[in-house]
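Quick note on numbering: the sequence shown equals residues 9 to 176 in this note's numbering.
Glycine is no exception: its CB is placed at the ideal position from the N, C-alpha and C atoms.
If you're wondering where the values come from, they're calculated on a predicted model, not measured in any experiment.
Below: one structure, written as structure tokens.
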Amino acid sequence: IGDGMVGQWAAQTLAWRGADVMLVGRHPDRLAKFTQGICVNAHETDWVQTALDRYGKIVQVCVDTVGSVSAVEASYALMRKYGHIVSAGFYGTKDQLRLQPPRYGELSIDLVSGWARDRMDKTLELIAEGVLKTAELITHRFPVDQAAEAWELIESKRKPVLGVILEW
């Protein structure tokens, strides 16, 4: 769940590991960048129903990169018994996730944050091998002295933006 940078990388990694991936997002330009599975625009399509129609109640892993409690809770309807939910989004201070519903399916929940040397090394290896596509996700580059303009572009949402690089 989520078509931003983290969602793109999570989808690519799952596809590399052999998963049948459905990327859910709200930005057609971002969804078009993921070609290793199917994409569902949540503004246009009921993503839960699409997943049920495609997979049934057998989803093994759901990764939330948006920070949406409602999306995580909606995913319970898709999860197989002993399924796995990965929370990689930022939920802010209103992060009230009820624990009893996932317990019914004996779902596990991973709360990831930060990095570890071994995982970073593997990530860099996958980038170097071309498994993880990063350059294709960069939509804008700015010299560092235009950092304020870069931030304004991101905040304004006046143009499609995914990856922004400040060049030093």
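May I have a chain-ordered list of the beta strand (DSSP E) segments no shorter than 3 residues that lie completely inside the region 117-162?
146-151
Beta-carbon contacts of I46 that lie in its chain and below 6 angstroms, excluding the five residues immediately before and after:
M30
When E144, L39, V69 and H35 are compared against L22, the one with the closest alpha-carbon
V69
In the DSSP assignment, find the unbroken alpha helix (DSSP H) run with E81 in it and report its ends.
V77 to S83
Any idea if Y112 is buried or exposed, counting beta-carbon neighbours within 10 angstroms, 16 or more meaning buried?
exposed
Throw me the rounded Cβ distance for the L2 and M13 pair, which I believe falls under 8 angstroms.
Past the edges of the chain, shown from 9 to 176, lies residue 2, and the structure says nothing about it.
For Q44, which of helix, strand or coil comes out of DSSP?
coil
Are the beta-carbon atoms belonging to F150 and A143 less than 8 angstroms from one another?
no
Paired residues, beta bridge with D72 - DSSP:
S95
Relative to the C-alpha of F42, which candidate in D11, D54, A27 and K65 has its C-alpha closest?
D11
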